[in-house]
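Below is one structure; the comments refer to it alone.
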Amino acid sequence: MTIALVTGATQGLGLALAEGLAQRLRPTDTVYLTGRDIGKITEAVRSVPGGGAEVRGELLDVADPGAAAKLAAQLEERHGDVDIVFGNAVMRVGPGDDPPAIIDAYTEVSNFGTTRLLKAFAPLLADTGRLIVVASSLGTLRQLAPVLHRRFTEPSTLDELDAQIARWRDEVKDGRAKAGAWPGFVNIPSKIGQVAAVRVLAAERRETDLARGVLIAAACPGMINTPTSALWWDVSTAPTPAQAATALLDLALGPLDPAHHGELVRHGEVVPFS
1 MTIALVTGAT QGLGLALAEG LAQRLRPTDT VYLTGRDIGK ITEAVRSVPG GGAEVRGELL
61 DVADPGAAAK LAAQLEERHG DVDIVFGNAV MRVGPGDDPP AIIDAYTEVS NFGTTRLLKA
121 FAPLLADTGR LIVVASSLGT LRQLAPVLHR RFTEPSTLDE LDAQIARWRD EVKDGRAKAG
181 AWPGFVNIPS KIGQVAAVRV LAAERRETDL ARGVLIAAAC PGMINTPTSA LWWDVSTAPT
241 PAQAATALLD LALGPLDPAH HGELVRHGEV VPFS
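Shown next, in the form of structure tokens:
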């Protein structure tokens, strides 16, 4: 029996991932569709076509410091371990959002929420398990001034990386980031932080993970035609969430490529971090 979980799964890519897993898995398998609004969770679960794996809704607000660990403990009690985890929860930002005003909430979801998920669910991964954080090609050091690279390359633990994210957050809030070398688009440092978190965790576990057939990776789905993306770019010809989910589902359900471990992967190819 396969147990899968998707965060941020009530709409867009997250919902497409939950639907895709349900379609590809067996009726004896279970997909946990999670989000922070019970009404939206219930609606999303009802929208998933039948005939595949069982889809179960669960509350999970990754911005809540204890929520990921609590759900992980519940799933461990029910199933013993977990086979597939997609970390897709992210706070959306628009062109009109003021970075100092939104940076607290943004980092709680997109960055600290990611590290909480990694800490909670990596220990539960079954043999041949997959833990994939949905990130972006913006999450590479080429998007960042060289003077800032060490903020994301020197941390060797998730706690150390969280401290660097908190430092950046505080610099955004008090104006130092705007006056310095940081890009104005907060999505860039945040995505770099997500990929760095995957790299840090994977480095700690690489030998054991590969021996067990386990993959921990970040994944770039590419541009997607969603209302949020349309605020920033022309996405009229971009893939739908369902189309964009295909490569990520292949990564989760296909054979392990050791070269993908700890890396950002786009359409089966590694996107170099530096």
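Each residue of the sequence shown is one higher than the last, beginning at 1 in the UniProt record's numbering. A virtual CB, placed ideally from N, CA and C, is assigned to each residue, including glycine.
In terms of Cα proximity to A252, the closest of I132, L75, A72, V186 is I132.
Shown here, T115 sits in a helix according to DSSP, grouped into three states. Approximately 6 Å separates the beta-carbon atoms of P221 and L13; this is inside 8 Å, confirming the contact.
In this chain, the beta strand (DSSP E) harbouring I132 covers 125-134. Sequence-distant partners of I38 (beyond 5 residues in either direction) whose C-beta falls short of 8 Å from its own C-beta, in its chain, are G57, L59. Bounds of the alpha helix (DSSP H) holding T246 are 241-253. F152: member of the alpha helix (DSSP H) spanning 150-153, first to last residue. Look at F185 here: in three-state DSSP terms it is coil, with no helix or strand label.
Taking the Cβ atoms as the reference, A219 lies roughly 5 Å from V265, within the contact range of under 8 Å. If you draw a straight line from the Cα of R169 to the Cα of A126, it is about 35 Å long.
Beta-bridge analysis with DSSP links E269 to R266.
If you look at R56, you'll find it in the beta strand (DSSP E) that goes 54-59. Closest by C-alpha distance to S190, out of L138, S236, D159, is L138.
Judged by their CB atoms, N88 and L17 are nearer to each other than the 8 Å cut-off. For the pair A245 and G268, the CB atoms are not nearer than the 8 Å cut-off. With contacts defined as CB atoms closer than 8 Å, L210 and H260 fail to qualify as a contacting pair. Secondary structure of T34 (DSSP, three-state): strand. With fewer than 16 other beta carbons inside 10 angstroms of its own, D98 counts as exposed. Nearest to A53 by C-alpha distance, out of A63, T42, A69, L33, is L33. In the DSSP secondary-structure assignment, L215 is bridged to R130.
When only Cα atoms are considered, R150 and Q194 end up about 15 Å apart.
An exposed status is given to V147, since fewer than 16 other beta-carbon atoms sit within 10 Å of its beta-carbon. Looking from the CA of R167, the closest CA among Q11, L75, N111 belongs to N111.
Ranked by Cα distance from T240, the options A44, I84, L249, M223 are led by M223. Here DSSP, grouped into helix, strand and coil, assigns L5 to strand. For G87, the three-state secondary structure derived from DSSP is strand. Separation of the CB atoms of T140 and P272 is rounded to 7 Å, and the pair is thereby assigned contact status at 8 Å. Pairing T128 with G213 gives a Cβ-Cβ distance under 8 Å. Proximity to S47 across R206, V172, L15 peaks at L15, based on C-alpha coordinates.
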